[in-house]
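What follows is a set of notes on a single structure, which appears directly below.
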Amino acid sequence: MQTHQKNSASGGTVPSATASILIATIAILIGMTLAGCGTTRVVFVDTQADLVRLGPDVRGSVYVHKGGEWIKSKNKVTLPEGWIAGPLPKD
């Protein structure tokens, strides 16, 4: 014997197993939405004007100013946490 719940929107009945799956799906979707709130933070940086303080594990190529020109490093380097980086003045 199968129990049914009244579906007032369509006037029909919905099997209780289907209703349980629907409720579980909605609960999971709400849970996933709420779990994502506040777990990450996006900060937009104006790379033309803002200075930034480097975080841990910043690694990459750098340019060194030598003899009036910028020379790219051959190897990647690890920059120390706390260093300040930003654009040169436009003057």
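Residues 2 to 92, numbered by my numbering, are exactly what the sequence shown covers, in order.
Glycine included, every Cβ here is placed at the ideal spot set by N, Cα and C.
Bear in mind that the values here come from a model prediction, so they are computed numbers and not experimental data.
I need the DSSP call for G127, collapsed to helix, strand or coil.
Outside the shown range of the chain (2 to 92) lies residue 127, about which nothing can therefore be said.
K73 bridges to which residues according to DSSP?
Counting from one through the sequence shown, the residue named residue 73 turns up at place 72. Its beta-bridge partners are Y64.
Cβ of V53 within 8 angstroms of Cβ of L80?
Taking the first residue of the sequence shown as position 1, residue 53 is located at position 52. Taking the first residue of the sequence shown as position 1, residue 80 is located at position 79. Taking 8 angstroms as the Cβ cut-off, V53 and L80 do not qualify as a contacting pair.
Starting from L80, follow the beta strand (DSSP E) in both directions and report where the run begins and ends.
Here residue 80 refers to the residue found at position 79 of the sequence shown. Unbroken beta strand (DSSP E) run through L80: 78–80.
Among all the DSSP beta bridges, which residues are the ones paired with I85?
Taking the sequence shown and counting its residues from 1, one reaches residue 85 at position 84. The partner list for I85 (beta bridge, DSSP) reads R54.
Can the beta-carbon of G83 be found less than 8 angstroms from the beta-carbon of D51?
If you number the sequence shown from 1, residue 83 lands on position 82. If you number the sequence shown from 1, residue 51 lands on position 50. It is not a contact, given that the beta carbons lie outside the stated cut-off.
Let me check understanding here. Comparing Cα to Cα, which of T41, W71, A18 lies closest to L89?
The residue given as residue 89 occupies position 88 in the sequence shown. Ranking T41, W71, A18 by Cα distance to L89 puts W71 first.
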